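> This is the structure, below, for whatever I ask next.
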Amino acid sequence: MLVSPVLAERVALLAEPARLSILCQLMGDRARPASELARGAGVSMSTASSHLAKLLAAGFVRVHAQGRHRYYELARPDVARAVEALVALGPRSATGDARADPLQAARTCYDDLAGKLGVGVTQAMVARGWIAVRGDEYRLFDEGRAALARLGIDVAACEAERRPFAKICIDNTERRPHVAGALGAAIAARFFELAWIARTKTPRAVRVTQEGRVQIHRRFGVVTDG
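This is how it looks when you write it as structure tokens:
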């Protein structure tokens with residue numbers, strides 16, 4: 056199989072730790088200024104600006120200007136999935152204890168749920184016959200459509216979006232898949248709306264609320280930590 060030189064160049068960009076760190080920081084659902092990304096990557100502003108320029112040229116990120124300020128975010132969801140898959144190839148954490156790592160327990164991956172929570176909910180949906188693997192996506196069955204509708208999720212609206220409906224994303228901490236795409240984003244958004252999960256001070260990390268522990272266990276059979 057011949058690999059495009061352009062593809063090889065783009066993959067090579069991710070071999071630089073600071074660039075990969077910048078992309079990982081942007082896997083939440085909000086844009087960030089270069090100064091914040093520089094601190095998170097442990098590099099100077101000038102170095103971060105150079106990295107961001109290369110990521111922008113490669114189509115990995117996009118930038119929004121608000122007055123004198125510039126905010127960066129991932130260009131599209133498949134960049135987040137690619138980064139998640141790449142990070143999954145690295146070593147596991149030393150402890151492997153999700154309670155010691157809030158990002159491992161529950162986090163956002165672009166705009167869907169990842170970590171033990173995201174994987175657990177996805178596995179529960181598979182076990183209940185709501186979804187099944189079909190290629191690199193999940194197929195949604197009528198039972199799952201009805202169950203999600205009862206949760207207040209508009210599946211038809213998800214299907215109408217101009218992006219993959221229920222993409223498979225390999226979780227970088229659990230090494231197992233969670234549902235991404237329009238459906239994954241809708242599930243995450245609904246969990247936030249119902250106050251089953253809440254954001255924390257740690258970027259991308261979410262915590263399961265007391266009501267969330269009860270409802271997620273009742274509806275999905277998933278036991279979660281608060």
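Heads up, the sequence shown is in our numbering, so the first residue is 56 and it goes up one at a time. Every residue, glycine too, gets a C-beta built ideally from N, C-alpha and C. Here the structure is a predicted model, which is why all the values come from computation and not from measurement.
1) Just to confirm the assignment, what range does the alpha helix (DSSP H) spanning VAL181 have?
2) Please go through the stretch 94-142 and give each complete alpha helix (DSSP H) segment of 4 or more residues, from N-terminal end onward.
3) Give me, in chain order, the residues of the same chain whose beta-carbon lies closer than 7 Å to that of ARG87; leave out the 5 immediate sequence neighbours on both sides.
4) Tell me whether ASP167 sits in a helix, a strand or coil according to DSSP, three-state version.
5) By DSSP's criteria, TRP233 is part of a beta bridge. Which residues make up the other side?
6) Between the stretch 216-232 and the stretch 114-121, do at least 3 Cβ pairs fall closer than 8 Å?
7) Just reading off the beta strand (DSSP E) that ARG262 is part of, what are its end residues?
8) Going by alpha carbons, who is nearest to ALA235 out of ALA179, LEU168, GLY184?
9) Output yes or no for whether 7 Å exceeds the beta carbon distance between SER101 and ALA89.
10) Is it a yes or a no for the stretch 168-179 touching the stretch 220-229, going by three-plus beta-carbon pairs under 8 Å?
11) So, for LEU92: in the same chain, excluding its five sequence neighbours on each side, which residues have a beta-carbon less than 6 Å away from its beta-carbon?
12) Using the C-alpha atoms, what's the distance from ALA135 back to LEU141?
13) So the candidates are THR255, GLY122, ALA241; which of them puts its Cα closest to the Cα of ILE208?
14) One question on the structure: do GLU248 and LYS222 come within less than 7 Å of each other, judged by their Cβ atoms?
15) Can you tell me which of the three DSSP states VAL269 falls into?
16) Check this for me: beta carbons of GLY1 and ARG259, under 7 Å apart or not?
Taking the definition as stated:
1) Within the sequence shown, the letter at position 126 stands for residue 181. 170-182 is the span of the alpha helix (DSSP H), which, as asked, contains VAL181.
2) Under the rule that a run must span 4 or more residues, the alpha helix (DSSP H) segments found entirely inside the stretch 94-142 read 100-112.
3) Here residue 87 refers to the residue found at position 32 when the sequence shown is read from its first residue. Within the same chain, ARG87 has close Cβ partners GLN80, LEU81, TYR126, TYR127.
4) Your numbering for residue 167 matches position 112 in the sequence shown. In the structure shown, ASP167 sits in a strand (DSSP, three-state: E or B).
5) As a working note, residue 233 is residue 178 in the sequence shown. Note that residue 233 is His in the sequence shown here, rather than Trp. Residue pairing of HIS233 in beta bridges, as defined by DSSP: CYS224.
6) no
7) As a first step, residue 262 must be located in the sequence shown, where it is residue number 207. For ARG262, the enclosing beta strand (DSSP E) stretches over residues 261-263.
8) Along the sequence shown, one-based indexing puts residue 235 at 180. That would be LEU168, whose Cα lies nearest to the Cα of ALA235.
9) In the sequence shown, the residue the question calls residue 101 occupies position 46. In the sequence shown, the residue the question calls residue 89 occupies position 34. For SER101 and ALA89, no; Cβs fall outside 7 Å.
10) yes
11) Reading the sequence shown from its first residue, position 37 is the one you call residue 92. For LEU92, where only same-chain residues beyond five positions count, the Cβ hits under 6 Å are ILE77, GLN80, ALA103.
12) What you label residue 141 is simply residue 86 of the sequence shown in a count that begins at 1. What you label residue 135 is simply residue 80 of the sequence shown in a count that begins at 1. Taking C-alpha positions only, LEU141 is separated from ALA135 by approximately 10 Å.
13) Stepping through the sequence shown from its first residue, residue 208 is reached at position 153. Here the closest residue by C-alpha is ALA241.
14) By one-based count along the sequence shown, residue 248 stands at place 193. By one-based count along the sequence shown, residue 222 stands at place 167. Cβ atoms of GLU248 and LYS222: not closer than 7 Å.
15) Counting from one through the sequence shown, the residue named residue 269 turns up at place 214. Three-state DSSP puts VAL269 in a helix.
16) Since the first residue shown for the chain is 56 and the last is 281, residue 1 is missing from the structure and cannot be characterised.
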